[in-house]
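*Asks:* Okay, so the sequence shown: first residue is -12 according to the working numbering, each after it adds one. Right, I'll just put the structure down here and ask away after.
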Amino acid sequence: MYATKIYDFEMTAIDGKIVKLSDYKGKVVMIVNTASKCGFTKQYKDLQELYSKYEKDGFVILGFPANNFMNQEPGTNDDIQQFCQINFGVSFPMFEKISVKGNDIHPLYQYLTSKTTNPAHGGNISWNFSKFVISRDGVVIDRFSPATNPMSKKVIKSVEKALNQ
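Here it is, written out as structure tokens:
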């Protein structure tokens, strides 16, 4: 059976608890693959700022650490959690380290990158900090490259549009 929305997935939070993505029904969700030793790692600060700005309106960011690119996320889940909290004050949900490409790609990222399940925004993950925006009803409505700052006008416009629908 193929997943038809992100709500079909259960994930493991960075603290080991199982989280049903269906818990986020009715919220606008941004899914981001992250890394602690990347040139884009400073985006954690901007992701946190975006989350803080729109959380009250029904927006959530889900961070998925991945070590797929040049060993830029070598730490354990505990290391990653501490790094994010100490250096960037991250309070949005973080999940256990997963693979976002290759033979061991996690099913969530298989869904997000598949041209079958996500024809408009599918395609391989090119680097850390790729961003997917998911509508309140669980459909991928936008995708932003790793180089796109989370506080850029186009990201804010996408999030605000989704929140107002």
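We put the beta carbon where it would ideally sit given N, CA and C, even for glycine. Given the structure is predicted, the values throughout are model-derived calculations rather than measurements.
Could you pull the start and end residues of the beta strand (DSSP E) that Leu155 belongs to?
*Replies:* Residue coverage of the chain in this structure runs from -12 to 152, which leaves residue 155 outside it and unanswerable.
*Asks:* Determine the burial state of Ile5: buried for a count of at least 16 other Cβ atoms within 10 Å of its Cβ, exposed for fewer.
*Replies:* That one is exposed.
*Asks:* Kindly indicate which three-state DSSP category Phe70 falls into: helix, strand or coil?
*Replies:* Here Phe70 sits in helix by DSSP.
*Asks:* Hey, which unbroken runs of the alpha helix (DSSP H) at 4 residues or more fall wholly within the region 62 to 130?
*Replies:* Fully enclosed alpha helix (DSSP H) runs of 4 or longer: 64 to 75 and 94 to 100.
*Asks:* Determine the DSSP secondary structure at Ala22, reduced to helix, strand or coil.
*Replies:* Ala22 falls in the coil class under three-state DSSP.
*Asks:* Using the beta-carbon count (16 or more within 10 Å), is Thr21 buried or exposed?
*Replies:* Buried.
*Asks:* With distances taken Cα to Cα, identify the nearest neighbour of Pro137 among Thr100, Asn90 and Thr28.
*Replies:* It is Thr28.
*Asks:* I need the straight-line Cα distance from Tyr11 to Leu95, nearest angstrom please.
*Replies:* Spanning the two alpha carbons is a distance of roughly 15 Å.
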